[in-house]
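In terms of the numbering used here, the sequence shown opens at residue 77 and continues consecutively.
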Amino acid sequence: MNNFVFQNPTKIIFGRGMEKSVGKETLAYSKNILLHYGGGSIKKTGLYDRVTESLKEAGIRWVELPGVKPNPRLSLVREGIKLCREEKLDFILAIGGGSAIDSAKAIAMGVLYEGDVWDIYAGKANPTAALPVGTVLTIPAAGSEASTASVITNEDGWLKRGFNSVIIYPKFSILNPELAFTLPKYQVASGSVDIFAHLMERYFTNVLNVELTDRMIEAIMKTLIHHVPKVLKQPDNYDSWAEIMWSGT
C-alpha cells in the first residue's frame with residue numbers, strides 16, 4: 077500500500093426531500109449565486125420549483141445559466157465566468173449530474189483566475205482558489221458531487237481535458253434518491269456503467285497489498301449488480317436507488 081492522505085470535506089446531505097434544505101445550506105456561503113443546470117428536465121419533474129422556492133425562503137438571489145450538455149463545453153464555462161463577474165455572484169449551485177457539476181467547478185475556478193480558464197485544463201496554470209460550489213445530484217454516475225475532479229471539452233479541436241484540485245471539492249452535495257425515479261432507462265444504464273468503469277480503474281492496479289480497497293470496490297460492484305436491474309423494472313424503488321446513488325458517490 078502506498079502512502080496517502082485522505083480528506084474529503086464535502087458535506088453529504090442524503091435522503092428524501094433533502095433538496096428543500098438547499099436554501100439554508102447555500103446561505104452559509106452566499107446570498108448571490110449562479111444557478112447552473114442542463115436542459116428542461118428539472119422543470120418537468122418539479123425539482124426546479126422546489127430548489128428555487130428554498131432559495132427564495134432563504135433570501136438568496138440567483139442568476140440562471142442553463143444549457144449544460146454531456147461533456148460540458150468550454151464556451152458555456154466562459155459564459156458563466158462572465159456572468160458571475162458582471163452580476164457579482166460568489167457561489168455556484170449545480171443541479172444535475174457530473175456534467176453540470178464539472179462545468180460549475182470550472183466556472184468557480186475561472187472567476188478568480190485572471191487568464192483564460194482553459195489554461196487550467198491545458199496544464200498552463202494551477203489555481204489556488206475557487207468560488208464555493210454546491211450540488212443537487214440528479215443522476216449517480218461520475219462521483220463529481222464529492223470529488224476533486226472536473227473535465228471540460230474545448231470545442232476548438234474538441235479537446236477533452238481534466239483537472240484535479242482540492243479547491244473544487246463541493247461544499248455540500250444533496251443526494252435524494254427520489255430524483256432518479258424519472259431517469260430514462262438508457263440514462264440509468266449509462267450512469268451505472270460509468271460507476272462500474274470508475275471502480276474498475278481503481279480495481280485493476282499494479283499497487284500491491286490493497287486488499288481493503290479491493291474488498292470495498294467488490295462490495296460496491298456487487299451492490300450495483302443487485303440493484304440496477306431492480307430499478308430498471310421498478311423505477312420508483314427508493315431503497316434500490318439509495319444503494320445506487322450512494323455507490324456512485
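We put the CB at the ideal spot given by N, CA and C, even for glycine.
message = Taking 7 Å as the limit between beta carbons, can you name the residues of its chain near residue 134, skipping five residues before and five after?
response = Cβ within range, chain order: 99, 100, 102, 103.
ask   = Sorted by chain position, which residues of the same chain lie with C-beta nearer than 7 Å to residue 236's C-beta, five sequence neighbours on each side aside?
value = Closer than 7 Å at Cβ, skipping near neighbours: 147, 227, 229.
query = Quick one, which of 165, 264, 277, 281 has its alpha-carbon nearest residue 184's?
reply = Selected option, being the one with the closest Cα: 165.
query = What did DSSP end up calling residue 136 once you bin it into helix, strand or coil?
reply = Residue 136 carries a coil assignment under DSSP once its states are collapsed to helix, strand and coil.
Three-state class that DSSP yields for residue 87 in the structure shown = Look at residue 87 here: in three-state DSSP terms it is strand.
query = Per DSSP, residue 251 forms a beta bridge with which residues?
reply = Answer by DSSP bridge pairing, in chain order: 90, 213.
message = What residue range does the alpha helix (DSSP H) around residue 113 cover?
response = No alpha helix (DSSP H) contains residue 113, which is instead part of the beta strand (DSSP E) from 108-113.
key: Cα-Cα separation, residue 112 to residue 150   = So the two alpha carbons sit approximately 14 Å from each other.
ask   = Does the beta-carbon of residue 239 have 16 or more other beta-carbons within 10 angstroms, so that it is buried, or is it exposed?
value = A residue is called buried once 16 or more other Cβ atoms fall within 10 Å of its Cβ, and residue 239 is buried on that count.
message = Using 8 Å for Cβ pairs, my map puts residue 217 next to residue 143. What's the rounded Cβ distance?
response = About 19 Å separates the CB atoms of residue 217 and residue 143; that is not less than 8 Å, and the two are not in contact.
query = Does the beta-carbon of residue 211 have 16 or more other beta-carbons within 10 angstroms, so that it is buried, or is it exposed?
reply = Buried, by the Cβ-count rule.
ask   = Which class does residue 299 belong to by DSSP, given the choice of helix, strand or coil?
value = Residue 299: helix per DSSP, three-state reduction.
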